[in-house]
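Residue numbers (full-length UniProt numbering): 1 to 421. For each residue, glycine too, the CB sits at the ideal point set by N, CA and C. Given the structure is predicted, the values throughout are model-derived calculations rather than measurements.
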Ligand code: AVJ
Ligand code: FE
């Protein structure tokens with residue numbers, strides 16, 4: 001249950017230096033008011049750690065309806081009669097107290113599928129942590145100029161040269177049957193991946209600035225047709241939050257302040273379209289999700305849960321957990337590389353893949369359709385690896401994130417691949 005406590009401690013740390021106004025405001029049509037996320041996390045826990053396990057309800061259908069993500073688009077949640085910040089925090093605390101008390105009477109060996117292997121604690125902890133990453137993205141979109149979180153120091157290592165690594169093809173274990181794996185990771189299965197080359201590091205701000213300076217955003221040759229139509233229509237000429245400087249060069253806005261753009265950090269805040277265009281300009285392409293997992297897990301049957309092996313992430317292996325409020329420079333974590341020399345797969349920035357989001361053969365929605373299945377199809381692209389804002393509990397080779405190809409307010413970057421033929 002440490003994961004539940006850790007998630008709640010992070011939530012309280014994140015809210016510490018935010019006022020009432022910032023918690024109830026709509027900072028972007030793409031995001032909920034932060035106070036909605038807080039009460040939604042509590043309501044999810046009430047539904048799954050309390051009511052689904054037979055505990056008495058603390059609230060009723062009216063509260064469920066307010067915090068039902070599929071019922072209200074993010075842009076209009078601010079118009080609902082939401083709980084106030086104080087009420088939302090009290091609700092979250094009451095639910096947590098009740099669920100810990102209720103769980104003391106239950107056993108993980110029970111026949112209840114939600115409890116098997118402690119699945120439902122893992123689900124609730126991962127859900128809360130994913131919303132904390134969403135809140136971090138909301139704070140990046142908030143334009144109150146002076147808001148600056150206290151951030152842990154990040155490593156500033158020497159240069160890491162980008163290069164391609166040849167990865168022999170073969171059988172790859174995709175997905176996971178681990179007790180806390182989501183339904184969209186199941187069932188674990190084997191797929192075949194052909195030989196390919198993969199970049200040793202994610203594409204950096206410095207690399208990406210070369211594409212921008214070369215006129216990459218003005219040249220239709222590099223873009224998927226819908227992507228080019230999108231940059232034209234929106235007048236997009238560089239990643240989100242980059243600030244072109246009059247004399248040339250770049251600064252960027254991070255939360256409430258501006259700073260020089262660090263060339264050695266992985267590029268963040270690019271859409272799938274921008275990642276896809278850069279890759280084509282570079283004579284490469286985005287890796288498929290299966291190739292990404294091939295790189296991270298190695299070939300079956302000796303597959304790893306994490307790029308370095310089966311032990312959970314340590315601080316010298318990846319930037320995770322949110323407290324740095326930004327990624328580390330590429331190459332910062334030699335201890336986090338794969339045995340074949342692929343760096344930075346976990347943490348720092350999500351990596352866009354070429355793949356759309358769908359269920360594996362034998363997929364069964366569990367415990368509810370609206371977590372994964374409602375998003376299957378060709379509208380979304382899969383992102384892998386987690387970002388600096390992802391909690392360790394939701395970071396593993398098999399974890400699948402997804403978003404629309406034009407979204408770039410999330411902490412997303414990418415790396416390139418190339419056919420070996
Ligand atoms: C997996 C990040 C796309 O935020 O929409 C949170 C996670 N699902 N509550 C999202 C999620 C339900 C989901 N993503
Ligand atoms: Fe949710």
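**Message:** If contacts are defined as beta-carbon pairs under 8 Å, then residue 83 and residue 25 qualify, I think. What distance do you get, rounded to the angstrom?
**Reply:** By one-based count along the chain shown, residue 83 stands at place 83. By one-based count along the chain shown, residue 25 stands at place 25. That pair is no contact at about 15 Å.
**Prompt:** Looking at C-alpha atoms only, which residue of 421, 99, 178 and 140 is the closest neighbour of residue 284?
**Reply:** As a working note, residue 284 is residue 284 in the chain shown. With distances taken between Cα atoms, residue 284 lies closest to 421.
**Message:** Let me check you understand the geometry: is the CB of residue 127 closer than 8 Å to at least one non-hydrogen atom of ligand 2?
**Reply:** Counting from 1 along the chain shown, the entry for residue 127 is found at position 127. Yes.
**Asked** residue 188 and residue 175 look like a contact to me (Cβ under 8 Å); what is the Cβ gap, rounded to whole Å?
**Response** Taking the first residue of the chain shown as 1, we reach residue 188 at position 188. Taking the first residue of the chain shown as 1, we reach residue 175 at position 175. The pair is a contact, with the Cβ atoms about 4 Å apart (cut-off 8 Å).
**Which residues DSSP lists as bridging residue 171, in chain order** = Counted from its first residue, the chain shown places residue 171 at position 171. Answer is 192, bridged to residue 171.
**Request:** Can you say whether residue 208 is buried or exposed, counting buried as having 16 or more other CB atoms within 10 angstroms of its CB?
**Result:** Counting from one through the chain shown, the residue named residue 208 turns up at place 208. The residue is buried, with at least 16 neighbouring Cβ atoms inside 10 Å.
**Message:** I believe residue 411 touches residue 349 by the beta-carbon criterion, under 8 Å. Please report the beta-carbon distance rounded to the nearest angstrom.
**Reply:** Mapped onto the chain shown, residue 411 falls at position 411. Mapped onto the chain shown, residue 349 falls at position 349. Contact holds; Cβ gap of about 6 Å.
**Prompt:** Per DSSP, which one or two residues make a beta bridge with residue 260?
**Reply:** As a working note, residue 260 is residue 260 in the chain shown. Paired residues: 251.
**Prompt:** Does the beta-carbon of residue 293 have 16 or more other beta-carbons within 10 angstroms, so that it is buried, or is it exposed?
**Reply:** As a working mapping, residue 293 is identified with position 293 in the chain shown. It counts as buried.
**Message:** Considering only their Cβ atoms, is the gap separating residue 358 from residue 265 smaller than 9 Å?
**Reply:** Here residue 265 is taken as the residue at index 265 of the chain shown, counted from 1. Here residue 358 is taken as the residue at index 358 of the chain shown, counted from 1. No.
**Contacts around residue 55, its chain only, beta-carbon distance under 6 Å, and the 5 residues preceding and following it disregarded** = If you number the chain shown from 1, residue 55 lands on position 55. The answer, listed in chain order, is 102.
**Prompt:** residue 364: beta carbon under 8 Å from a heavy atom of ligand 2?
**Reply:** As a position in the chain shown, residue 364 is number 364, starting the count at 1. No, since every heavy atom of ligand 2 falls outside the 8 Å radius drawn around the Cβ of residue 364.
**Prompt:** For the region 155-167 against the region 195-204, are there 3 or more C-beta pairs whose distance is under 8 Å?
**Reply:** yes
**Request:** Use the C-beta contact count for residue 394: other C-beta atoms within 10 angstroms, 16 or more gives buried, fewer gives exposed.
**Result:** In the chain shown, counting from the first residue as 1, residue 394 sits at position 394. It is buried - the Cβ of residue 394 has at least 16 other Cβ atoms within 10 Å.
**Request:** With DSSP as the reference, label residue 350 as helix, strand or coil.
**Result:** Translated into positions along the chain shown, residue 350 becomes position 350. Three-state DSSP puts residue 350 in a strand.
**Message:** Check whether the region 59-72 and the region 107-120 are in contact - that is, three or more C-beta pairs closer than 8 Å.
**Reply:** no
**Item:** Short Cβ contact (9 Å threshold) for residue 31 with residue 269
**Value:** Your numbering for residue 31 matches position 31 in the chain shown. Your numbering for residue 269 matches position 269 in the chain shown. Cβ atoms of residue 31 and residue 269: not closer than 9 Å.
**Prompt:** Can you give, in chain order, each stretch of the alpha helix (DSSP H) that sits fully within the region 101-130 and has at least 4 residues?
**Reply:** none
**Request:** Per DSSP, which residues does residue 198 bridge with? Please list them.
**Result:** Here residue 198 is taken as the residue at index 198 of the chain shown, counted from 1. According to DSSP, residue 198 bridges with 165 and 417.
**Supposed contact pair residue 353 and residue 267 - C-beta distance, whole angstroms, cut 8 Å** = For the purposes of this step, residue 267 is identified with residue 267 of the chain shown, where counting begins at 1. For the purposes of this step, residue 353 is identified with residue 353 of the chain shown, where counting begins at 1. So it is not a contact: roughly 16 Å between Cβ atoms.
**Request:** Taking residue 43 as part of the alpha helix (DSSP H), name the residues at either end of that continuous run.
**Result:** Position 43 of the chain shown, counted from the first residue, corresponds to residue 43. Its alpha helix (DSSP H) spans residues 34-45.
**Message:** Whole angstroms are fine: how far does the CA of residue 34 sit from the CA of residue 135?
**Reply:** Residue 135 sits at position 135 when you count from the first residue of the chain shown. Residue 34 sits at position 34 when you count from the first residue of the chain shown. Whole-angstrom Cα-Cα distance: 6 Å.
**Rounded distance between the beta-carbons of residue 295 and residue 338, thought under 8 Å** = Within the chain shown, the letter at position 338 stands for residue 338. Within the chain shown, the letter at position 295 stands for residue 295. Sure, about 6 Å apart at Cβ, within 8 Å.
**Message:** Once DSSP output is grouped into helix, strand and coil, what is the label at residue 442?
**Reply:** Residue 442 is absent from the structure shown; the chain starts at 1 and stops at 421.
**Request:** Let me know the secondary structure DSSP gives residue 375 once reduced to three states.
**Result:** Translated into the one-based positions of the chain shown, residue 375 becomes position 375. Of the three classes helix, strand and coil, the one that applies to residue 375 here is helix, per DSSP.
**Prompt:** residue 257: buried (16+ other C-beta within 10 angstroms of its C-beta) or exposed?
**Reply:** Locating residue 257 in the chain shown gives position 257, where the first residue counts as 1. Its Cβ having fewer than 16 others within 10 Å, residue 257 is exposed.
**Message:** Could you pull the DSSP bridge partners for residue 381 from this structure?
**Reply:** Against the chain shown, residue 381 aligns to sequence position 381. When beta bridges are read from the DSSP output, residue 381 appears opposite 356 and 403.
**Message:** Whole angstroms are fine: how far does the CA of residue 383 sit from the CA of residue 45?
**Reply:** Here residue 45 refers to the residue found at position 45 of the chain shown. Here residue 383 refers to the residue found at position 383 of the chain shown. Rounded to whole angstroms, residue 45 to residue 383 spans 26 Å at the Cα level.
**Message:** Check this for me: beta carbons of residue 129 and residue 314, under 9 Å apart or not?
**Reply:** As a working note, residue 129 is residue 129 in the chain shown. As a working note, residue 314 is residue 314 in the chain shown. For residue 129 and residue 314, no; Cβs fall outside 9 Å.
**Request:** Tell me whether residue 304 sits in a helix, a strand or coil according to DSSP, three-state version.
**Result:** Locating residue 304 in the chain shown gives position 304, counting from the first residue. Residue 304: coil per DSSP, three-state reduction.
**Segments of 4+ residues assigned as alpha helix (DSSP H) that fall wholly inside the region 271-329** = If only uninterrupted alpha helix (DSSP H) runs of at least 4 residues are considered, those enclosed by the region 271-329 are 272-281 and 289-297.
**Three-state secondary structure assigned by DSSP to residue 147** = Indexing the chain shown from 1 puts residue 147 at position 147. Coil, per DSSP.
**Request:** Using the Cα positions of residue 247 and residue 217, report the straight-line distance between them to the nearest angstrom.
**Result:** As a position in the chain shown, residue 247 is number 247, starting the count at 1. As a position in the chain shown, residue 217 is number 217, starting the count at 1. One C-alpha to the other measures close to 20 Å.
**Prompt:** When burial is assigned at 16 or more other CB atoms within 10 Å of the CB, is residue 91 buried or exposed?
**Reply:** Counting from one through the chain shown, the residue named residue 91 turns up at place 91. Answer is buried; the Cβ neighbour count reaches 16.
**Prompt:** What is the residue span of the alpha helix (DSSP H) that residue 243 lies within?
**Reply:** To locate residue 243, count along the chain shown from 1; it is residue 243. It is not in any alpha helix (DSSP H) - residue 243 instead sits in the beta strand (DSSP E) that spans 242-244.
**Item:** Check: residue 140 C-beta below 8 Å from any heavy atom of ligand 1
**Value:** The residue you call residue 140 lines up with position 140 of the chain shown. Using a cutoff of 8 Å, the CB of residue 140 does not count as near ligand 1, since none of the ligand's heavy atoms is closer than that.
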